[in-house]
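Each number in the numbering used here corresponds to the 1-based position in the sequence shown with 79 added.
Ideal Cβ placement from N, Cα and C applies to all residues, glycine included.
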Amino acid sequence: MEQASCLCKLWNRPESLCKSELKWFFSGRRDRQTSGKVPLYRLTQQLERAKMAILRLEDGTTYTQLSDITRELAPLNIQLNSWPVGDNPEIRELLALDAIDDNQKEQVLQALDGYFRQLSETAGYQSRDLIVLHPDIPNLDTLLSKFDKCHIHADDEVRYIVAGEGIFGFVRPDGSQVEVTVQPEEFINVPANTEHWFYLTAARKVKAVRYFTTTTGWTPEYTDTQVRSGLATV
Ligand SMILES: [Fe+2]
């Protein structure tokens with residue numbers, strides 16, 4: 080088996096790996112903590128983590144390689160980084176639930192506050208919260224309708240997707256539009272005054288940490304640009 084091509088597939092399109100490729104990849108792998116065979120749930124986590132953002136252009140071209148996505152987003156100065164949530168099983172269990180209460184949200188936030196401290200020290204971030212959206216939220220559509228139209232913010236929109244996924248759309252300086260499906264354990268920074276929109280994939284589930292420098296700077300200011308939505312497969 081071609082090792083490089085298998086690793087490449089594992090990183091970019093893990094769902095496309097066939098049985099023999101999976102067997103090759105995990106054969107002989109040992110769990111570092113137990114020295115035993117890697118348990119199934121850990122393999123699933125590894126595969127989940129290997130998921131990457133997907134970027135789609137209006138002509139249907141799709142990119143999943145970070146280098147391609149970075150190139151396509153470069154005119155907008157958008158940052159997209161992979162940020163692991165860590166191995167804490169309690170936190171992973173909370174992230175797997177649809178609804179969590181305020182105490183559980185705080186537990187998740189505190190577990191991830193290393194990132195917040197970094198943002199506070201380097202860019203003056205003042206607060207963070209955890210937004211949890213799922214189909215059972217009664218006013219979900221109303222909530223989402225605030226963000227699915229083209230808008231800008233006075234501050235950067237800084238989000239860390241910790242579970243589920245969300246689609247960010249952007250208008251590039253040449254007027255072209257792109258959409259990026261941001262996956263779990265990915266951080267995105269949309270600079271202030273970037274025309275963008277946001278909606279959920281068909282699963283309609285996301286948990287995201289939102290970081291703020293002020294309490295008002297992320298209020299949407301709508302623009303007249305029509306969203307040519309649905310570029311992403313939802
Ligand atoms: Fe926004």
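Between the CA atoms of residue j and residue i - distance to the nearest angstrom
| i | j | result |
| --- | --- | --- |
| residue 256 | residue 275 | 9 angstroms |
| residue 189 | residue 138 | 42 angstroms |
| residue 281 | residue 224 | 15 angstroms |
| residue 294 | residue 199 | 15 angstroms |
| residue 144 | residue 278 | 22 angstroms |
| residue 262 | residue 269 | 15 angstroms |
| residue 302 | residue 231 | 7 angstroms |
| residue 273 | residue 229 | 10 angstroms |
| residue 164 | residue 304 | 35 angstroms |
| residue 299 | residue 179 | 26 angstroms |
| residue 211 | residue 217 | 13 angstroms |
| residue 202 | residue 181 | 27 angstroms |
| residue 168 | residue 253 | 45 angstroms |
| residue 170 | residue 151 | 33 angstroms |
| residue 247 | residue 146 | 18 angstroms |
Residue i Cβ short of 6 angstroms to ligand 1 heavy atom set
| i | result |
| --- | --- |
| residue 236 | yes |
DSSP-derived helix/strand/coil call for residue i
| i | result |
| --- | --- |
| residue 255 | coil |
| residue 186 | helix |
| residue 262 | coil |
| residue 158 | strand |
| residue 193 | helix |
| residue 137 | coil |
| residue 179 | coil |
| residue 238 | strand |
| residue 227 | coil |
Whole-Å CB distance - residue i paired with residue j, under 8 angstroms assumed
| i | j | result |
| --- | --- | --- |
| residue 209 | residue 237 | Between residue 237 and residue 209 the Cβ distance is about 13 angstroms, and since that is not below 8 angstroms, they are no contact. |
| residue 60 | residue 288 | This structure gives no information on residue 60, because the portion of the chain shown stretches from 80 to 313. |
| residue 307 | residue 155 | Rounded, the Cβ-Cβ distance is 16 angstroms, inconsistent with contact. |
| residue 356 | residue 240 | Limits of the chain in this structure are 80 at one end and 313 at the other, which puts residue 356 out of reach. |
| residue 162 | residue 258 | About 21 angstroms; that fails the 8 angstroms criterion. |
| residue 191 | residue 283 | Residue 191 to residue 283, Cβ: 23 angstroms. No contact. |
Whether residue i touches residue j by CB criterion (7 angstroms)
| i | j | result |
| --- | --- | --- |
| residue 133 | residue 260 | yes |
| residue 233 | residue 193 | no |
| residue 166 | residue 213 | no |
| residue 204 | residue 292 | yes |
| residue 286 | residue 243 | yes |
| residue 271 | residue 235 | yes |
| residue 173 | residue 183 | yes |
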